[in-house]
Amino acid sequence: MTLDDLLQAHCTPLHPSHRLEGDALAPYLRLFDGWRIEDGSLRKTFAFDNYYQTLAFVNALAWVVHREDHHPDLLVQYNRCAVAFNTHSAGGITRNDFICAAKTDAVYAQGAAR
């Protein structure tokens, strides 16, 4: 599995048997910078120069995650946005969360918000 594999993948409906726990999370986390597991979610905070850039990122991300039908919790502030993914139907973190994390990093890297 690579980051490109996750970028090309799409989210699918999942249930509790698909939940990733313990050592099963490690291979996914190694692919990412800045993402961490906290309070049962996959989380990262993205920094911006101003509110306009923050909102542009949120809008671009909204389009991507809506297409995947996998929506994060967002904390939007003046110059940053905290993103938290988990799969409610599985009761924890799944491959879908890492797929969306990869796509979130791609949105940020593309400069859609800068």
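Numbering-wise, my numbering puts 76 at position 74 of the sequence shown, and it's gapless, one number per residue.
Think of the CB as a built atom: it goes at the ideal place given N, C-alpha and C, for glycine as much as any other residue.
Counting along the chain, I101 sits inside no beta strand (DSSP E); it lies in the alpha helix (DSSP H) bounded by residues R97 to A111. The beta carbons of A103 and F34 sit closer together than 8 Å. The C-alpha of Y53 is placed about 24 Å away from the C-alpha of L44.
Close CB contacts of K46 within its chain, under the 6 Å cut and outside five residues either way in sequence, are with G36, W37 and V85 (chain order).
For R69, there is no enclosing beta strand (DSSP E); the enclosing alpha helix (DSSP H) covers residues Y53 to E70. Given a length threshold of 3 residues, each whole run of the beta strand (DSSP E) inside the stretch 23-48 is given here in chain order: 38-40. Rounded to whole angstroms, the separation of the alpha carbons of K105 and V66 is 7 Å.
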